[in-house]
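Q:
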Amino acid sequence: MIRARRVWATAIAVLTVAGVSPAVAYAQPQPPDVRPAAAANDQNDLPPGWRITNTDGEHALEWRSPRPVPMGDARVEFHADGKLVGVPEPEKDGRTFRLPLDNARTADLADLQVLAAGRRLDQQADGARDRRSPSAAKPPAKLPAGSVDPGKPGTYRTVTGEYALAPVRLPGFSAPVEMRGVVVAPKDAKGKRPVALFLHGRHATCYVPGGEDVNIDWPCAKDAKPIPSHRGYLRDQELLASQGYVTVSISANGINGQDAGADDAGAQARSSLVRSHLGRWADWAAKPSTAPAAVRKAPGTDLSRVLLVGHSRGGEGVNRAAMDSLYPPPPAQDGYRGKVRWHIRGTVLIGPTIFGQNPVPDVPSLTILPGCDGDVSDLQGQVYADGTRGVSRGKALHSAVYMVGANHNYFNSEWTPGQAQAPADDDFWHDPEKPDPVCSPGTATRLTADQQHRAGATYIAAAARLFVAGDDRVRELVDGSGRRAPSADPARVLTHAVGANRGAGFLPDGSVKVTGGRLCSAIDPDPKTACLDSAAGGASPHFASWQPEKETGRRAVALRWSAPGSAVTVRPEKPLSVKNAKSLALRVFVPPNSTGTQLDVSVTDASGKRANLGRVQVDGLPGSDRTSSYWAREVRVPLTAATRAGLDLRNIASLELTPRTRSGQAWLMDAWAWSPGTPAVKEAALPRVDIGRLKVKEGDSGVRTYQVPVRVSGKGSGTVRLYVLDPATGKAKDRLVTVRPGGGSVDVKVQVKGNKRYAWDVSHDVLVKAVRGTVVGSHAGGVLAENDDPMPEITVKPVADKVTEGQPLKWQISLSAPADVEITKILQIVPVPGRPELSTKDVDRQWLLDMLGEVPDGEVPLSKLEYAYLWAAVPAGKTSAEVLVPTVGDQVAEQTEYVGLQATDEEGKPQGPVVTGTVLDAP
63 MIRARRVWAT AIAVLTVAGV SPAVAYAQPQ PPDVRPAAAA NDQNDLPPGW RITNTDGEHA
123 LEWRSPRPVP MGDARVEFHA DGKLVGVPEP EKDGRTFRLP LDNARTADLA DLQVLAAGRR
183 LDQQADGARD RRSPSAAKPP AKLPAGSVDP GKPGTYRTVT GEYALAPVRL PGFSAPVEMR
243 GVVVAPKDAK GKRPVALFLH GRHATCYVPG GEDVNIDWPC AKDAKPIPSH RGYLRDQELL
303 ASQGYVTVSI SANGINGQDA GADDAGAQAR SSLVRSHLGR WADWAAKPST APAAVRKAPG
363 TDLSRVLLVG HSRGGEGVNR AAMDSLYPPP PAQDGYRGKV RWHIRGTVLI GPTIFGQNPV
423 PDVPSLTILP GCDGDVSDLQ GQVYADGTRG VSRGKALHSA VYMVGANHNY FNSEWTPGQA
483 QAPADDDFWH DPEKPDPVCS PGTATRLTAD QQHRAGATYI AAAARLFVAG DDRVRELVDG
543 SGRRAPSADP ARVLTHAVGA NRGAGFLPDG SVKVTGGRLC SAIDPDPKTA CLDSAAGGAS
603 PHFASWQPEK ETGRRAVALR WSAPGSAVTV RPEKPLSVKN AKSLALRVFV PPNSTGTQLD
663 VSVTDASGKR ANLGRVQVDG LPGSDRTSSY WAREVRVPLT AATRAGLDLR NIASLELTPR
723 TRSGQAWLMD AWAWSPGTPA VKEAALPRVD IGRLKVKEGD SGVRTYQVPV RVSGKGSGTV
783 RLYVLDPATG KAKDRLVTVR PGGGSVDVKV QVKGNKRYAW DVSHDVLVKA VRGTVVGSHA
843 GGVLAENDDP MPEITVKPVA DKVTEGQPLK WQISLSAPAD VEITKILQIV PVPGRPELST
903 KDVDRQWLLD MLGEVPDGEV PLSKLEYAYL WAAVPAGKTS AEVLVPTVGD QVAEQTEYVG
963 LQATDEEGKP QGPVVTGTVL DAP
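Mapping the sequence shown onto the numbering used here, position 378 (from 1) lands on 440, and the numbers just tick up by one.
Okay, structure coming up:
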């Protein structure tokens, strides 16, 4: 039996029913729009706002928010008991999210949560603050200026125009996608110019001029206009164009309006769109007379020098476009059919998503992490740097740029209030009664929209100058060297990096031993193993979650001390060579808002000689419990002391960190042999792995074995980590797999058992992540076993529909056949025409209090309650369940009273006849 409990503070509760066992449960009034439901695990019922719906035999897990959820780039996910249940589809009301149960794991729906980039959507902030969060956070100290400032406009005047081409069809999308671009180019520039292409993220697609409503439909309705998100980077384009770049920003509303059901959240579609535009630019470069007018006004283009800039899901899209340009995707998934006639020199990723956690290791990248991002709030884009460690040659620079006080939207003027044509807002939600010490408007750390946009444009230009123009003077602004670009002032911008001239590294992900500290896991449900306690207050971009509840081999070194001098030693499996390096570069973070953490850094060679390299100081970032501020600062110590001490720099056996402050915490992400310079990057020929999805019918009997479709293309061999998820529990088993082009290197078999009982579809999911010498395109797939049995017919029959007051009324919900899943039914309480009605005075007061949260004033007929619905369910494997409504006796002589129950569908339409309950006065 499912235990009933109060589920709202208002008159909202769930109908719980019993199986055929002797125990029974009460039925409670329930709202039609937000209805909790019984979980598949019969020891729990669902929290407020949740329900399991049944429409035409298709069951879905549904959550309805009490307020609209803004459309953004972070993916809304249902989680239960710490595990991903599935990715729901949003309804047009902006509040309802529905997950078909054939896409969900429902063995245990305990502790349901709605998350978007790690942020709870189904729980209002309670005002609790991390004790370390001050009432007003202080910005970091101002860094010295770099030797060059890429934010200064160049010498060229600019020209602007737009083009609109015939829309394109992309696999998996029913409506064609627009081919529109706004071009800003240098005027009268000589020679062929490099190209920068911008791709916006997932935002509302349509609006009605003069109104406040927006939606994510595509195409837009006749009275609505497309939101011109692609025009939101004009200032960035003008800066680059003044410096000699031909820029184009393309529209992707057609993808935003259709990517809700895509396994990869539209990454492959966005790549196809980007490459379709680049293909057209290659055509126009070959035959300028065929180009649109906006392109003909621009100088000729050099497509061997292309920079891709992507915002939010656009960031993941351009990352995939860079991958697909080097390692072609499966043709069936790709919407671009032409040749690659361009060379991607680098990418800029602004507040990006990375649902696949599959960065391109050999294409340089710069990722802007907005410290006050209220959309992709876990700052998962950090994986574009961290996720490349050890995967390929390691020569491409991957920079992470943390911008204190920046939100998600203001990098795009069309997403910025007061600048946008359509309604827009600040994505970092501000509560005037409980302001955030870091991100609420007006704090010392929060940027204005113009300050943020100017800083963003400066660092886009920095990436162009470093990756495309090859100006190594810019590197110190983006690689953790501690220099700033004055054009970005007053923004406080901090950076660190992996790759480039970093050599051998102490990497916690590999085979290492740690003494004095703890080798911790980025993602693990066990708090003793996890790097960051869930109660820490705030989050770390380095530990942004993926899909499995536990990841193997993604680690850091955790330090905690209560007295100075407690050394922590990291020993790799084999000694490392730091010969010819200038310094040792460490990425270390400490708790937000902390200052003055000091660590001595020492190394020991294979013979036992030890040298103290120096002391570093690490300060925490401004942070609160709503920010992802556990972010690593890059600190460097010269290797001169090791050279003077006579250490064998070709055989460094261990790294030692010794705290010199009285107490504290720190986390070491990695340490590298570092030298200045930006080496030339040559992309490795790597194998590419794509997981497909096979749909099969379960059948009526027997067990069938199916092979998960896995495509390995490209050249060479490499290693991936494969996760196979249990369809019932969501728990994953993982293993390392060596992959080679051709068939057979990745062997995952799934067994499907047939039967003749109705159930939901069962998804056997497989995930893959690159470990060494590989790239991953489609990271998720598996086998979907589709139910092929009809849903049982449901009838409602009386058990005790005529009772004396004080006895319960009973009905039986019967199925024509047992099902392997819970079957639910809605019963609306209705009056019986011409008869006195059962009222709130005729049922147990404590029952009303427990089930409704309050007892209505006076005597209210049950059918007049605000939510006069009952929610009935027959447990899996059973054919019936009893529903009862308790009545109470009294000493007042009354006439016979009645209650009616009308079965309805999800839309409230009647199904079948009304059943009637009769309550007689006690003699």
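The beta carbon of each residue, even a glycine, is placed where N, CA and C say it ideally should be. It should be emphasised that the depicted structure is a prediction, and the values quoted were computed from it without experimental measurement.
Please state whether DSSP places residue 568 in a helix, a strand or coil.
A: DSSP places residue 568 in strand when its eight states are reduced to three.
Q: Could you work out which residue in 883, 933, 821 and 844 is closest to residue 858 when comparing CA atoms only?
A: Nearest C-alpha to residue 858: 933.
Q: Could you tell me the distance, in whole angstroms, from the CA atom of residue 95 to the CA atom of residue 151?
A: Summary for residue 95: the model assigns pLDDT 36, below 50, so the residue's position carries little reliability; its value from the coordinates is reported in the next sentence. So the alpha carbons of these two residues sit roughly 17 Å apart.
Q: I'd like to check one pair, residue 428 with residue 525: are the Cβ atoms closer than 8 Å?
A: Yes, the pair counts as a contact, with Cβ atoms nearer than the cut-off.
Q: Should residue 292 and residue 311 be called a contact, given that it needs their Cβ atoms to be closer than 8 Å?
A: Cβ atoms of residue 292 and residue 311: closer than 8 Å.
Q: Throw me the rounded Cβ distance for the residue 416 and residue 445 pair, which I believe falls under 8 Å.
A: 5 Å between Cβ atoms; contact.
Q: Rounding to the nearest angstrom, what Cα-Cα distance links residue 529 and residue 676 in this structure?
A: In a straight line, the C-alpha of residue 529 is about 32 Å away from that of residue 676.
Q: Please report how far the alpha carbon of residue 193 lies from the alpha carbon of residue 726, in whole angstroms.
A: With a pLDDT of 37 at residue 193, under the threshold of 50, the predicted position of this residue should be treated as unreliable, though the coordinate-derived value follows. So the alpha carbons of these two residues sit roughly 14 Å apart.
Q: Restricting to Cα atoms, I'd like to know which of 661, 718, 660 and 658 is closest to residue 671.
A: Here the closest residue by C-alpha is 718.
Q: Report yes or no: do the segment 731-747 and the segment 633-647 share at least 3 C-beta pairs separated by less than 8 Å?
A: The answer is yes - the segment 633-647 touches the segment 731-747, with three or more Cβ pairs under 8 Å.
Q: Who are the near neighbours of residue 627 in its chain, counting only those whose CB is closer than 8 Å to its CB and skipping five residues on each side?
A: Contacts found: 720, 721 and 722.
Q: Can the beta-carbon of residue 900 be found less than 8 Å from the beta-carbon of residue 820?
A: Cβ atoms of residue 900 and residue 820: not closer than 8 Å.
Q: What are the complete beta strand (DSSP E) segments, minimum 3 residues, inside the segment 283-371?
A: Here the runs fully enclosed are 308-312.
Q: Where are the beta strand (DSSP E) runs, 3 residues long or more, that stay fully inside the segment 802-873, in chain order?
A: As far as the segment 802-873 is concerned, its whole beta strand (DSSP E) runs of at least 3 residues are 811-815, 824-834, 842-848, 856-862 and 864-866.
Q: Between the C-alpha atoms of residue 432 and residue 781, what's the straight-line distance to the nearest angstrom?
A: Between residue 432 and residue 781, the C-alpha separation is close to 33 Å.
Q: Measuring straight from C-alpha to C-alpha, what distance separates residue 572 and residue 831?
A: Computed Cα separation, rounded: 15 Å.
Q: Take the Cβ of residue 330 as the centre, count every other Cβ of all protein chains shown within 10 Å, and call the residue buried at 16 or more, exposed below.
A: The residue is buried, with at least 16 neighbouring Cβ atoms inside 10 Å.
Q: Have a look at the DSSP bridge pairing and note the partners of residue 923.
A: Answer is 901.
Q: Give the secondary structure of residue 693 by DSSP, where H, G and I count as helix, E and B as strand, and everything else as coil.
A: Note: residue 693 maps to coil in three-state DSSP.
Q: Determine which residues share a DSSP beta bridge with residue 558 and list them.
A: Answer by DSSP bridge pairing, in chain order: 462.
Q: Quick check: the Cα distance between residue 971 and residue 843, rounded to an integer number of angstroms?
A: Rounded to whole angstroms, residue 971 to residue 843 spans 38 Å at the Cα level.
Q: Measuring only the C-alpha atoms, how far is residue 112 from residue 885?
A: Taking the straight line joining both Cα atoms gives about 16 Å.
Q: Is DSSP giving residue 279 helix, strand or coil here?
A: Looking at residue 279 - three-state DSSP - the assignment turns out to be coil, as it is neither helix nor strand.
Q: Out of 682, 706 and 475, state which residue places its alpha-carbon closest to the alpha-carbon of residue 294.
A: Checked all of 682, 706 and 475; the closest Cα to residue 294 is 475.
Q: Strictly by DSSP, which residues pair up with residue 430?
A: DSSP output for residue 430 lists 412 and 463 as bridge partner(s).
Q: For residue 275, count the other beta carbons within 10 Å of its own beta carbon; 16 or more makes it buried, fewer makes it exposed. Which is it?
A: Exposed.
Q: Should residue 469 and residue 434 be called a contact, given that it needs their Cβ atoms to be closer than 8 Å?
A: Against a cut-off of 8 Å, the Cβ pair of residue 434 and residue 469 comes out as a contact.
Q: Mapping the DSSP letters down to three states, classify residue 674 as helix, strand or coil.
A: In this structure, residue 674 counts as strand in the three-state DSSP scheme.
Q: Excluding five sequence neighbours on each side, which residues of the same chain lie with their C-beta closer than 6 Å to the C-beta of residue 300?
A: Excluding residues within five positions, the ones whose Cβ falls inside 6 Å are 220 and 246.
Q: I need the straight-line Cα distance from residue 707 to residue 701, nearest angstrom please.
A: Each residue's Cα considered, the two are about 10 Å apart.
Q: How should residue 724 be labelled, buried or exposed, when 16 other C-beta atoms within 10 angstroms of its C-beta is the threshold for buried?
A: By the 10 Å Cβ count, residue 724 comes out exposed.
Q: Does residue 242 pass the burial test, meaning 16 or more other C-beta atoms within 10 Å, or should it be called exposed?
A: That one is buried.
Q: Among the residues of its own chain, which have a CB less than 6 Å from the CB of residue 199, if the five just before and after it don't count?
A: So the list reads 499, 500, 507 and 684, once near-sequence residues are dropped.
Q: Measure the alpha-carbon distance for residue 297 versus residue 248 and round it to whole angstroms.
A: Distance between the alpha carbons of residue 297 and residue 248: 13 Å.
Q: Just to confirm the assignment, what range does the alpha helix (DSSP H) spanning residue 722 have?
A: Element bounds for residue 722: n/a, residue is neither H nor E.
Q: Residue 261 to residue 527, Cα distance in whole Å?
A: Roughly 19 Å separates the two Cα atoms.
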